[in-house]
Amino acid sequence: MNISLKGKRALVGGSSGGIGKAIAIELAHCGASVTLMSRTEEKLKNITANLPTDQGQEHGYLAVDFSDFRGFQEKITSFFENNTIDILVNNTQGPSAGSALEKNITDYQEAFNLLFKTVVYTTELALKHMIANKWGRIINVASVSVKEPLSYLALSNSIRAAVTTWAKTLATDVGQHGITVNSALTGYFDTDRITQLNAKKAEQLGIKPSEVLADMEARVPLKRIGKPEEYGYLVAFLASDKAAFITGTQIPIDGGLLKSL
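Per our numbering: the sequence shown = residues 215 to 475.
Quick look at the structure:
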(Lines of atoms letter the chains of each structure in order from A and count residues from 1; the text may use other names and numbers.)
(Lines give C-alpha, C1' and ligand atoms only; values in the text may rest on other atoms or scores of the structure.)
Protein backbone atom coordinates (compact mmCIF):
# COMPACT_ATOMS: atom_id res chain seq x y z
CA MET A 1 0.00 0.00 0.00
CA ASN A 2 1.41 3.33 -1.07
CA ILE A 3 0.75 6.22 1.31
CA SER A 4 0.98 9.62 -0.32
CA LEU A 5 0.75 12.86 1.65
CA LYS A 6 2.04 15.00 -1.20
CA GLY A 7 0.69 18.53 -1.00
CA LYS A 8 -0.29 18.20 2.66
CA ARG A 9 1.13 20.40 5.41
CA ALA A 10 1.81 18.90 8.83
CA LEU A 11 2.67 20.33 12.24
CA VAL A 12 4.35 17.86 14.59
CA GLY A 13 4.88 18.59 18.28
CA GLY A 14 7.78 17.29 20.33
CA SER A 15 9.72 16.55 17.17
CA SER A 16 13.31 17.25 18.18
CA GLY A 17 13.74 13.62 19.20
CA GLY A 18 12.13 10.29 19.96
CA ILE A 19 8.66 9.49 18.70
CA GLY A 20 7.95 13.03 17.47
CA LYS A 21 11.07 13.09 15.33
CA ALA A 22 10.25 9.68 13.85
CA ILE A 23 6.74 10.86 12.99
CA ALA A 24 8.05 14.00 11.29
CA ILE A 25 10.53 12.00 9.23
CA GLU A 26 7.92 9.48 8.07
CA LEU A 27 5.38 12.17 7.14
CA ALA A 28 8.07 13.90 5.09
CA HIS A 29 9.01 10.61 3.38
CA CYS A 30 5.35 10.30 2.38
CA GLY A 31 5.46 13.73 0.74
CA ALA A 32 4.15 16.10 3.39
CA SER A 33 5.68 19.48 4.11
CA VAL A 34 6.46 19.35 7.83
CA THR A 35 6.85 22.03 10.48
CA LEU A 36 8.66 20.65 13.49
CA MET A 37 7.84 22.06 16.92
CA SER A 38 9.84 21.63 20.11
CA ARG A 39 12.13 23.44 22.56
CA THR A 40 15.64 22.81 21.28
CA GLU A 41 16.22 25.03 18.26
CA GLU A 42 19.59 23.57 17.28
CA LYS A 43 18.13 20.08 17.06
CA LEU A 44 15.15 21.37 15.09
CA LYS A 45 17.45 23.06 12.58
CA ASN A 46 19.47 19.90 12.00
CA ILE A 47 16.44 17.66 11.60
CA THR A 48 14.68 20.11 9.29
CA ALA A 49 17.73 20.38 7.08
CA ASN A 50 17.82 16.61 6.60
CA LEU A 51 14.15 15.95 5.85
CA PRO A 52 13.47 14.70 2.29
CA THR A 53 12.38 17.28 -0.29
CA ASP A 54 12.18 15.05 -3.37
CA GLN A 55 8.41 15.63 -3.71
CA GLY A 56 8.56 19.40 -3.55
CA GLN A 57 8.21 19.58 0.23
CA GLU A 58 9.05 22.75 2.11
CA HIS A 59 9.92 22.15 5.74
CA GLY A 60 10.33 24.47 8.71
CA TYR A 61 10.37 24.57 12.48
CA LEU A 62 8.90 26.46 15.41
CA ALA A 63 10.84 26.67 18.68
CA VAL A 64 8.37 26.59 21.58
CA ASP A 65 8.32 25.62 25.25
CA PHE A 66 5.18 23.59 25.93
CA SER A 67 5.68 24.01 29.68
CA ASP A 68 5.29 27.81 29.37
CA PHE A 69 1.69 28.08 28.23
CA ARG A 70 1.59 31.88 27.84
CA GLY A 71 4.77 31.89 25.78
CA PHE A 72 3.56 28.91 23.77
CA GLN A 73 0.21 30.59 23.16
CA GLU A 74 1.87 33.69 21.72
CA LYS A 75 4.13 31.74 19.36
CA ILE A 76 1.53 29.29 18.09
CA THR A 77 -1.00 32.08 17.53
CA SER A 78 1.57 33.98 15.50
CA PHE A 79 2.34 30.85 13.48
CA PHE A 80 -1.29 30.33 12.49
CA GLU A 81 -1.68 33.97 11.49
CA ASN A 82 0.57 33.19 8.52
CA ASN A 83 0.21 29.43 8.05
CA THR A 84 -2.38 26.68 7.65
CA ILE A 85 -1.96 22.94 8.18
CA ASP A 86 -3.80 19.80 7.13
CA ILE A 87 -2.28 17.37 9.63
CA LEU A 88 -1.77 18.10 13.31
CA VAL A 89 0.18 15.73 15.53
CA ASN A 90 -0.31 16.74 19.16
CA ASN A 91 2.74 15.58 21.08
CA THR A 92 4.63 17.15 23.98
CA GLN A 93 7.26 16.10 26.45
CA GLY A 94 5.80 14.17 29.39
CA PRO A 95 5.37 15.61 32.90
CA SER A 96 7.61 14.46 35.73
CA ALA A 97 7.25 10.91 36.98
CA GLY A 98 5.90 10.11 40.43
CA SER A 99 3.04 8.48 42.32
CA ALA A 100 -0.22 10.17 43.28
CA LEU A 101 1.07 10.55 46.84
CA GLU A 102 4.14 12.41 45.58
CA LYS A 103 2.19 14.99 43.56
CA ASN A 104 0.27 18.06 44.71
CA ILE A 105 -2.36 20.28 43.11
CA THR A 106 0.27 22.58 41.58
CA ASP A 107 1.84 19.60 39.84
CA TYR A 108 -1.51 18.65 38.35
CA GLN A 109 -2.16 22.20 37.15
CA GLU A 110 1.23 22.36 35.46
CA ALA A 111 0.62 18.97 33.81
CA PHE A 112 -2.81 20.18 32.67
CA ASN A 113 -1.24 23.24 31.04
CA LEU A 114 1.45 21.11 29.39
CA LEU A 115 -0.59 18.17 28.13
CA PHE A 116 -4.13 19.49 27.74
CA LYS A 117 -4.23 23.24 27.23
CA THR A 118 -1.50 23.27 24.58
CA VAL A 119 -3.25 20.47 22.68
CA VAL A 120 -6.71 22.03 22.76
CA TYR A 121 -5.46 25.52 21.92
CA THR A 122 -3.36 24.36 18.96
CA THR A 123 -6.21 22.23 17.67
CA GLU A 124 -8.66 25.14 17.84
CA LEU A 125 -6.35 27.21 15.63
CA ALA A 126 -5.72 24.37 13.18
CA LEU A 127 -9.41 23.53 12.79
CA LYS A 128 -10.31 26.82 11.11
CA HIS A 129 -8.54 25.86 7.88
CA MET A 130 -9.47 22.19 8.14
CA ILE A 131 -13.17 23.00 8.39
CA ALA A 132 -12.99 25.45 5.50
CA ASN A 133 -11.08 22.89 3.42
CA LYS A 134 -13.35 19.98 4.37
CA TRP A 135 -10.29 17.83 5.17
CA GLY A 136 -8.09 17.39 8.21
CA ARG A 137 -6.26 14.94 10.41
CA ILE A 138 -5.72 15.37 14.14
CA ILE A 139 -3.60 12.71 15.81
CA ASN A 140 -2.82 12.76 19.52
CA VAL A 141 0.16 10.99 21.02
CA ALA A 142 -1.22 9.54 24.26
CA SER A 143 -0.30 6.52 26.38
CA VAL A 144 -1.44 3.01 27.25
CA SER A 145 -1.62 4.34 30.81
CA VAL A 146 -4.98 5.95 30.05
CA LYS A 147 -6.40 2.40 29.98
CA GLU A 148 -4.13 0.76 32.55
CA PRO A 149 -2.59 3.46 34.79
CA LEU A 150 1.07 3.14 35.73
CA SER A 151 1.63 3.89 39.42
CA TYR A 152 4.74 5.99 38.81
CA LEU A 153 3.08 8.22 36.19
CA ALA A 154 0.17 9.78 38.10
CA LEU A 155 0.26 13.07 36.19
CA SER A 156 0.47 11.50 32.75
CA ASN A 157 -2.22 8.93 33.60
CA SER A 158 -4.66 11.64 34.61
CA ILE A 159 -4.18 14.33 31.98
CA ARG A 160 -3.63 12.10 28.95
CA ALA A 161 -6.92 10.39 29.83
CA ALA A 162 -8.58 13.79 29.59
CA VAL A 163 -7.00 14.32 26.16
CA THR A 164 -8.34 11.04 24.79
CA THR A 165 -11.89 11.65 26.00
CA TRP A 166 -11.79 15.21 24.64
CA ALA A 167 -10.56 13.79 21.32
CA LYS A 168 -13.44 11.30 21.22
CA THR A 169 -15.90 14.17 21.74
CA LEU A 170 -14.19 16.33 19.12
CA ALA A 171 -14.28 13.51 16.56
CA THR A 172 -18.08 13.49 16.79
CA ASP A 173 -18.27 17.25 16.31
CA VAL A 174 -15.95 17.61 13.31
CA GLY A 175 -16.59 14.40 11.39
CA GLN A 176 -19.14 16.15 9.19
CA HIS A 177 -16.31 18.34 7.87
CA GLY A 178 -14.14 15.46 6.65
CA ILE A 179 -11.84 15.72 9.68
CA THR A 180 -10.72 12.69 11.65
CA VAL A 181 -9.47 12.70 15.23
CA ASN A 182 -7.57 9.73 16.66
CA SER A 183 -5.28 9.00 19.58
CA ALA A 184 -2.35 6.60 19.61
CA LEU A 185 -1.78 4.89 22.96
CA THR A 186 1.96 4.60 23.34
CA GLY A 187 3.61 1.58 24.89
CA TYR A 188 7.31 1.14 25.55
CA PHE A 189 9.53 2.71 22.90
CA ASP A 190 13.28 3.14 22.60
CA THR A 191 13.45 6.85 23.41
CA ASP A 192 15.30 9.16 25.80
CA ARG A 193 12.08 9.45 27.83
CA ILE A 194 12.04 5.70 28.53
CA THR A 195 15.72 5.82 29.44
CA GLN A 196 15.04 8.59 31.97
CA LEU A 197 12.03 6.82 33.46
CA ASN A 198 13.96 3.56 33.72
CA ALA A 199 16.82 5.31 35.50
CA LYS A 200 14.41 6.78 38.06
CA LYS A 201 12.70 3.44 38.60
CA ALA A 202 16.06 1.66 38.93
CA GLU A 203 17.15 4.15 41.57
CA GLN A 204 13.95 3.60 43.54
CA LEU A 205 14.27 -0.18 43.38
CA GLY A 206 18.03 -0.26 43.93
CA ILE A 207 18.73 -2.15 40.71
CA LYS A 208 20.43 -1.44 37.38
CA PRO A 209 18.58 0.37 34.54
CA SER A 210 19.38 -2.62 32.32
CA GLU A 211 17.37 -4.82 34.67
CA VAL A 212 14.41 -2.46 34.43
CA LEU A 213 14.62 -2.61 30.64
CA ALA A 214 14.85 -6.41 30.64
CA ASP A 215 11.74 -6.63 32.82
CA MET A 216 9.95 -4.20 30.51
CA GLU A 217 10.80 -6.28 27.44
CA ALA A 218 9.69 -9.46 29.18
CA ARG A 219 6.21 -8.00 29.82
CA VAL A 220 5.65 -7.18 26.15
CA PRO A 221 4.28 -10.19 24.22
CA LEU A 222 6.64 -9.42 21.32
CA LYS A 223 9.53 -9.45 23.84
CA ARG A 224 10.98 -6.12 22.80
CA ILE A 225 10.23 -2.43 23.01
CA GLY A 226 9.14 -0.45 19.97
CA LYS A 227 11.26 1.39 17.45
CA PRO A 228 10.29 5.07 16.96
CA GLU A 229 9.99 4.61 13.20
CA GLU A 230 7.25 2.03 13.79
CA TYR A 231 5.23 4.77 15.45
CA GLY A 232 5.78 6.94 12.39
CA TYR A 233 4.21 4.29 10.16
CA LEU A 234 0.98 4.31 12.17
CA VAL A 235 0.71 8.09 12.17
CA ALA A 236 1.39 8.32 8.43
CA PHE A 237 -1.44 5.86 7.81
CA LEU A 238 -3.86 7.75 10.07
CA ALA A 239 -2.89 10.99 8.32
CA SER A 240 -3.66 9.61 4.87
CA ASP A 241 -6.80 9.14 2.79
CA LYS A 242 -6.42 5.40 3.43
CA ALA A 243 -7.70 6.03 6.97
CA ALA A 244 -10.59 8.32 6.03
CA PHE A 245 -13.17 6.12 7.80
CA ILE A 246 -11.20 5.80 11.04
CA THR A 247 -12.02 8.41 13.67
CA GLY A 248 -12.69 8.69 17.38
CA THR A 249 -10.38 5.79 18.15
CA GLN A 250 -7.71 5.11 20.74
CA ILE A 251 -5.24 2.78 19.03
CA PRO A 252 -2.67 0.98 21.20
CA ILE A 253 0.78 0.73 19.67
CA ASP A 254 2.42 -1.37 22.34
CA GLY A 255 3.47 -4.79 21.07
CA GLY A 256 0.45 -6.31 22.84
CA LEU A 257 1.32 -4.87 26.29
CA LEU A 258 -2.23 -3.88 27.21
CA LYS A 259 -4.19 -6.69 28.78
CA SER A 260 -7.57 -4.95 28.55
CA LEU A 261 -9.76 -4.84 25.46
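Virtual Cβ for every residue (Gly too), placed ideally from N, Cα, C. The model shown is predicted, which means the values in this text are computed figures rather than measured ones.
For Ile352, the enclosing beta strand (DSSP E) covers residues 350-357.
Ranked by Cα distance from Leu448, the first of Ala398, Ala458, Ser474, Arg438 is Ala398. Taking 9 Å as the cut-off, the Cβ atoms of Gly401 and Leu367 do not count as close.
The segment 349-360 makes contact with the segment 380-392; the number of CB pairs closer than 8 Å reaches 3 or more. Residue burial annotation: Arg284 is exposed, with fewer than 16 other C-beta atoms found within 10 angstroms of its C-beta. In the three-state reduction of the DSSP assignment, Ile301 falls in the strand class, which pools E and B. One Cα belongs to Ile239, the other to Ser292, and the distance between them is close to 25 Å. Look at Met215 here: in three-state DSSP terms it is coil, with no helix or strand label. Residue pairing of Met430 in beta bridges, as defined by DSSP: absent, with no partner found. Scanning its chain for C-beta atoms nearer than 6 Å, with the 5 sequence neighbours on each side dropped, one finds around Ala457 the residues Phe451, in chain order. Cα atoms of Phe294 and Ala242: separation of roughly 20 Å, rounded to the nearest angstrom. The Cβ-Cβ distance between Leu276 and Ala453 does not fall below 9 Å. In this structure, the CA atom of Val395 is about 11 Å from the CA atom of Leu341. The DSSP-derived three-state label of Ser424 is helix. Straight-line measurement puts the Cα of Gly420 at about 31 Å from the Cα of Gly228. In this chain, the alpha helix (DSSP H) harbouring Pro442 covers 442-453. Its chain contains Tyr322, Ala325 as the residues whose beta carbon lies nearer than 8 Å to that of Ser372, once the 5 sequence neighbours on both sides are disregarded; these appear in chain order. If you keep only unbroken beta strand (DSSP E) runs of at least 3 residues inside the segment 280-339, you get 301-304.
Here Pro466 is buried, its C-beta having at least 16 other C-beta atoms within 10 Å. By the beta-carbon neighbour count (other beta carbons within 10 angstroms, threshold 16), Phe459 is exposed. Note on Lys441: under 16 other CB atoms within 10 angstroms of its CB, so exposed under the neighbour-count rule. DSSP places Leu258 outside any beta strand (DSSP E); the residue lies instead in the alpha helix (DSSP H), whose first and last residues are 255-263. Excluding five sequence positions before and after Leu411, the CB atoms of its chain that fall closer than 6 Å to its own CB belong to Ala311, given in chain order. From the listed residues Gln269, Arg223, Thr306, the smallest Cα separation to Arg253 is found for Thr306. Taking Gly232 as the centre and dropping the five residues before and after it, the same chain places the C-beta of Thr405, Asp406, Arg407, Pro442 closer than 7 Å to its C-beta, in chain order.
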